[in-house]
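Let me begin by presenting the structure, written as structure tokens, before commenting on it.
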Amino acid sequence: MRVDIVSVFPEYFAPLDLSLIGKARSSGVLSINVHDLRDWTHDVHRTVDDTPYGGGPGMVMRPGPWGDALDQLGGTLIVPSPAGVPFTQKMAHSLAAEAHLTFACGRYEGIDQRVVEEFGGLEVSLGDYVLFGGEVAVLVMLEAITRLLPGVLGNADSLADESHAHGLLEAPMYTKPFEWRGHTVPDVLVSGHHGKIARWRRDQSLLRTAARRPDLLAALDPATLDKRDIALLREAGLPVPGEGVAEW
Ligand code: 6GU
Numbered sequence: 000m001r002v003d004i005v006s007v008f009p010e011y012f013a014p015l016d017l018s019l020i021g022k023a024r025s026s027g028v029l030s031i032n033v034h035d036l037r038d039w040t041h042d043v044h045r046t047v048d049d050t051p052y053g054g055g056p057g058m059v060m061r062p063g064p065w066g067d068a069l070d071q072l073g074g075t076l077i078v079p080s081p082a083g084v085p086f087t088q089k090m091a092h093s094l095a096a097e098a099h100l101t102f103a104c105g106r107y108e109g110i111d112q113r114v115v116e117e118f119g120g121l122e123v124s125l126g127d128y129v130l131f132g133g134e135v136a137v138l139v140m141l142e143a144i145t146r147l148l149p150g151v152l153g154n155a156d157s158l159a160d161e162s163h164a165h166g167l168l169e170a171p172m173y174t175k176p177f178e179w180r181g182h183t184v185p186d187v188l189v190s191g192h193h194g195k196i197a198r199w200r201r202d203q204s205l206l207r208t209a210a211r212r213p214d215l216l217a218a219l220d221p222a223t224l225d226k227r228d229i230a231l232l233r234e235a236g237l238p239v240p241g242e243g244v245a246e247w
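Here numbering that gives the first Met the number 0 is used: the first residue of the sequence shown is 0, the next is one more, and so on.
Structure representation (structure tokens):
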């Protein structure tokens, strides 16, 4: 996969040399090029922003340098923005299937909207809070996307069961020692009974998702729930997906 990143703070992307992303880059699975937007300015001050039409506080990024940069780089355009559609694991999977992604990092009050329209960009948000700019959001999205590329994660099994893989949060995990500061590991995990362990993990996933992310539980396809799942939720007094509360 080819990735281009355009920013007025290219130094933000130094961490992309590290760890598994760094390894994927040196192995050739991933090619990342970071660019300074100011390289596409033509004035002596290398100006990237101007005052907003219609007034208001702050500055807006001028379309000219962005247009020249994106003409040159190409790729599927992603624009991080708190006004974007939510970034999800599903979106990470779909972006991981692209051959060439280009991220345009806005600062100030954002980029002139005509840039997104001209290049058919997708505006994407990490969540309901505001960052100074898109740089950190791009680091987050790239980590989520590149770990899905074939050959980046050593163990493909770890993708299958992780949080959000099936619309549920993952069960808690434990390692040695069995007892730590007076806390022991749940007995079932040392029982050697694989069926019971799988069932316990499934129960923990459901209960955790119900407690922390009732929105995810409500969005589950009822067909993915077995009898034991439904009994568990009912015994815990939790809403069962597909069993709508009677309306009148
Ligand atoms: Cl993607 N960008 C910025 N600037 N702020 C954000 C965001 C993105 N997601 C949440 N807040």
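C-beta atoms are modelled at their ideal positions from N, C-alpha and C, and glycine is treated no differently.
Can you tell me whether residue i is buried or exposed, with buried defined as 16 or more other CB within 10 angstroms of its CB?
i	result
valine 115	buried
glycine 181	exposed
glutamate 178	exposed
proline 240	buried
proline 79	buried
How far does the beta strand (DSSP E) with residue i in it reach, from first residue to last?
i	result
valine 5	1 to 6
proline 81	75 to 85
serine 30	30 to 35
glutamate 122	121 to 124
Any heavy atom of the ligand 6GU inside 8 Å of the beta-carbon of residue i?
i	result
phenylalanine 8	no
alanine 218	no
leucine 251	Residue 251 lies beyond the stretch modelled for the chain, which goes from 0 to 247, so this question has no answer here.
alanine 103	no
Near residue i, which residues of its chain fall below 8 Å by C-beta distance, leaving aside the five closest residues on each side in sequence?
i	result
tyrosine 173	Val184, Pro185 and Leu188
threonine 223	His165 and Gly166
alanine 91	Met140, Ala143, Ile144 and Leu147
leucine 152	Leu19, Arg146 and Leu158
Going straight from the alpha carbon of residue i to that of residue j, what length do you get?
i	j	result
alanine 136	aspartate 214	23 Å
arginine 37	phenylalanine 131	18 Å
phenylalanine 86	glycine 126	8 Å
aspartate 220	histidine 165	10 Å
threonine 40	proline 9	15 Å
alanine 68	alanine 103	10 Å
leucine 168	leucine 205	8 Å
Mind checking which residues open and close the alpha helix (DSSP H) that includes residue i?
i	result
leucine 232	226 to 234
leucine 100	Premise fails: leucine 100 lies in the beta strand (DSSP E), 99 to 103, not in any alpha helix (DSSP H).
serine 204	193 to 211
Say the cut is 8 Å; is the CB of residue i nearer than that to a heavy atom of the ligand HEM?
i	result
valine 114	Looking for the ligand HEM in the displayed structure turns up nothing; the ligands present are the ligand 6GU.
Please work out which residues of its chain come closer than 7 Å, Cβ to Cβ, to residue i, disregarding the five sequence neighbours upstream and downstream, and give them in chain order.
i	result
glutamate 108	Pro51, Gly57, Met58 and Val59
Leaving out five residues before and five after residue i in sequence, what residues of the same chain have Cβ atoms less than 6 Å from its Cβ?
i	result
asparagine 32	Asp3
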